[in-house]
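Enquirer: Before anything else, here's the structure in question.
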Amino acid sequence: MILRLCCVAVIIAVCAMILKANKPEFVPMCLTAGGIIIILFGFDYLSASVEFIRQFTEQTGIDSSVVRLVFKVVGVGYLIEITAGAVKDLGFDSLSGKLVMCGKLIIFVMSIPILRAMFTVIQSLINSV
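What the sequence shown shows, in my numbering, is residues 65 to 193, in sequence order.
Structure follows, in structure tokens:
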């Protein structure tokens, strides 16, 4: 799987280099399409892990809403990072920086229920002692 992913990345890079020499206006489209292909490879790899996490959540009794929220936070982080990288590759560094800052703010706000759930668990542990 990793070897295929690396081969795809090298092929995309070679195609972008060839396009850069001949048709530079197509390079962003090539890199965007390549990035989407690479992300789809990652989603295939991730699907097996999701089933394990679902079973783990059921066995441990962790609230499924907390686990879903953690996945949403991680997803937002990755989506912001990928988008910021693409925007930066297009030459808009300042926009990329603002996007990352806004993403961090969104992640912070989304994390508040997780902190609240952790506080509840800690409180119940203290009360049980």
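In this text, a Cβ means the ideal position worked out from N, Cα and C, and glycines have one as well. Because the structure is a prediction, the values reported are computed rather than measured.
Rounded to a whole number of angstroms, what is the C-alpha to C-alpha distance between V164 and A150?
Expert: By one-based count along the sequence shown, residue 164 stands at place 100. By one-based count along the sequence shown, residue 150 stands at place 86. For V164 and A150, the distance between alpha carbons rounds to 12 angstroms.
Enquirer: Quick one: grab the DSSP three-state call for D127.
Expert: The sequence position of residue 127 within the sequence shown is 63, counting from 1. If DSSP states are grouped into helix, strand and coil, D127 belongs with coil.
Enquirer: In this structure, does DSSP put G155 in helix, strand or coil?
Expert: As a working note, residue 155 is residue 91 in the sequence shown. Coil.
Enquirer: For A73 and I101, I'd like the C-alpha separation in whole angstroms.
Expert: Counted from its first residue, the sequence shown places residue 73 at position 9. Counted from its first residue, the sequence shown places residue 101 at position 37. Cα-Cα distance, rounded: 9 angstroms.
Enquirer: Say whether the segment 176-183 touches the segment 124-133, bearing in mind that this needs 3 or more beta-carbon pairs closer than 8 angstroms, one atom from each stretch.
Expert: The segment 176-183 vs the segment 124-133: in contact.
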